[in-house]
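Going left to right, the sequence shown walks through residues 60 to 367 as the numbering used here numbers them. All residues carry an ideal CB built from backbone N, CA and C; glycine is no exception. For reference, the structure discussed in these notes is given below.
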Amino acid sequence: MAGNDSNEPNNLKSKRDRRKRVARIKTAILSTIAIWMAISIIVITLLCIKVVSLQKQIDFLTGDYDYSENVEAGVNGADAGLKLVNQTDEDIDNLAGTEDVLKVYLTFDDGPSENTNEILDILDDYGVKATFFVVGKPEEEYKGLYQRIVNEGHTIGMHSYSHKYSEIYSSLDAFKNDFEQIQNLIYDTTGVESVYYRFPGGSSNKVSNIDMSQYIQYVNDQGVKYFDWNVSSGDATSLAYTPDDLVENVMNDVVKYKTSVVLMHDTEAKDATVQALPKLIEELQKAGALILPIDGETTVIQHVTISK
Ligand code: ZN
């Protein structure tokens with residue numbers, strides 16, 4: 060009996076100790092899990108940030124970054140004594156009223172490409188003319204594509220020869236050389252002296268703080284009109300838009316303007332653009348829009364202009 064009496068508290072004590080040990084182990088396990096989760100979340104967040112920044116660099120290097128989203132107000136072209144002036148829809152009286160017939164200019168940048176023939180076939184099916192801002196592709200296989208663009212009544216514009224921002228915008232001389240190269244290539248392959256230009260990245264691009272005014276001045280001096288865009292299909296962003304998304308992006312914006320210049324791309328990688336095209340044309344026609352190629356009468360859509 061006496062043994063039982065003295066054993067009882069010992070038993071209780073060891074049970075309590077065990078419970079304490081178990082509780083300590085539990086706490087240790089839980090805090091380890093919590094710490095690992097916190098570390099994982101931090102690592103995942105850092106990786107996500109890295110991925111986004113790498114994607115931007117890729118887009119930059121391939122020239123497919125939509126710089127229009129980065130437009131800031133009033134940048135001075137100090138060297139040339141010129142001022143870059145941002146253009147708004149009010150400036151060019153381009154906001155559509157209910158009575159206005161919408162004019163839509165479909166523009167395809169960066170071609171010719173493996174997709175050019177298909178784009179031209181679709182435009183032909185619908186009897187629609189567009190504008191191609193082409194780059195320099197000297198290979199034999201592309202020559203016929205410049206010619207086909209022109210033969211089928213589309214407007215051919217220049218979009219630089221090399222499309223390499225770091226080269227084109229490295230100096231005015233480099234820009235001139237590149238400009239002449241693409242103008243000559245188009246002339247030699249099609250007999251057309253192109254009078255339309257689209258700056259790689261747009262006139263508002265802020266790549267490495269380039270002073271765009273000297274390049275704008277040069278293009279103006281050549282009697283060439285540069286066109287930016289006021290509607291973006293979104294096919295150049297890193298977002299994986301479906302063809303339906305692209306159509307929706309355009310349709311949401313074209314209703315706002317009397318004149319819409321729509322940015323799209325003609326490159327091998329942009330299959331969604333090709334797939335979106337038939338539906339886009341149908342929707343535009345349903346909305347009563349006139350689909351036109353850029354010509355001398357087209358309201359000029361420019362992100363920035365220069366003034367003294
Ligand atoms: Zn481009």
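- Of all alpha-carbon atoms in Ser272, Ile101, His218 and Leu154, the one lying nearest the alpha-carbon of Pro171 is that of His218.
- In its chain, beyond the 5 residues on either side, Gly195, Asp237, Gln240 and Ile241 have a beta carbon closer than 6 Å to the beta carbon of Tyr220.
- For Asn210, the secondary structure class from DSSP, reduced to helix, strand or coil, is helix.
- Put simply, of Leu349, Thr364 and Val363 the residue whose alpha carbon is nearest the alpha carbon of Thr357 is Leu349.
- Assigned with DSSP and collapsed to three states, Tyr316 falls in strand.
- Here Val144 is bridged, per DSSP, to Thr364.
- Relative to the non-hydrogen atoms of ligand 1, the Cβ of Pro259 comes within a distance shorter than 7 Å of at least one.
- Taken through DSSP and simplified to helix, strand or coil, Met96 comes out as helix.
- By the C-beta criterion, the region 313-333 is judged to be in contact with the region 142-160, since at least 3 inter-stretch pairs fall below 8 Å.
- Closest in alpha carbon position to Glu252, among Gln281, Pro337 and Ile151, is Gln281.
- In this structure, His222 has its beta carbon less than 7 Å from a heavy atom of ligand 1.
- Tyr285 sits away from Thr249, with the two beta carbons spaced by 8 Å or more.
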